[in-house]
Amino acid sequence: MVPKMEKEISKDLIIEQRFYRNIIGVFRKVKGKRVKIGEKYRCKGEKIREIRDKFNQTNIIFPLPSLKSDKLTIRGPKADVGTYYKYLHHMNELTIAGEKEAVAKAKARIQNTYEE
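Under full-length UniProt numbering, the first residue of the sequence shown is numbered 1, with each subsequent residue one higher.
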């Protein structure tokens, strides 16, 4: 058991709490309708299951919602934790870029509406 613990590491990743649902893979309700979100349209935690199957020896620990923390903890073997960290970091960057693009398009539509 001791040699196994020596090979394990923990790494923290800062992701805003509102983006956790993109990692987990859930539906979001908008004005009473269910809207799919995430890179691939998944629901009921299928996305996190897919990630856990890919990195089966690593664990991801989400903070309790009451803590209002943005810090995820990844724990597992050194090589897997590094790869998992890069994967989640890249996923977070894509989510942020997509959100910025959506906001920019919405602003452009609003300006066009005012000009008319």
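Beta carbons: idealized from backbone N, C-alpha and C, even for Gly.
Quick check on residue 8: does DSSP put it in helix, strand or coil?
In the sequence shown, counting from the first residue as 1, residue 8 sits at position 8. Looking at residue 8 - three-state DSSP - the assignment turns out to be strand.
Nearest residue (CA-CA) to residue 56, options 77, 91, 7, 45:
Within the sequence shown, numbered from 1, the residue matching residue 56 stands at position 56. Closest option to residue 56, Cα to Cα, is 77.
Residue 58 classed as buried or exposed, judged by whether at least 16 other C-beta atoms fall within 10 angstroms
In the sequence shown, counting from the first residue as 1, residue 58 sits at position 58. Buried is the call here.
Rank 21, 53, 61, 63 by C-alpha distance to the C-alpha of residue 44 and give the top, closest one.
On the sequence shown, residue 44 is found 44 positions in, with the first residue counted as 1. Of the candidates 21, 53, 61, 63, the one whose C-alpha sits nearest the C-alpha of residue 44 is 21.
Using a Cβ-Cβ cutoff of less than 7 Å, which residues in the same chain neighbour residue 24 once the five nearest sequence positions on both sides are dropped?
As a first step, residue 24 must be located in the sequence shown, where it is residue number 24. Contacts found: 45, 47, 48.
Which of helix, strand or coil does DSSP assign to residue 22?
One-based indexing of the sequence shown puts residue 22 at position 22. Under the three-state reduction of DSSP, residue 22 is assigned to helix.
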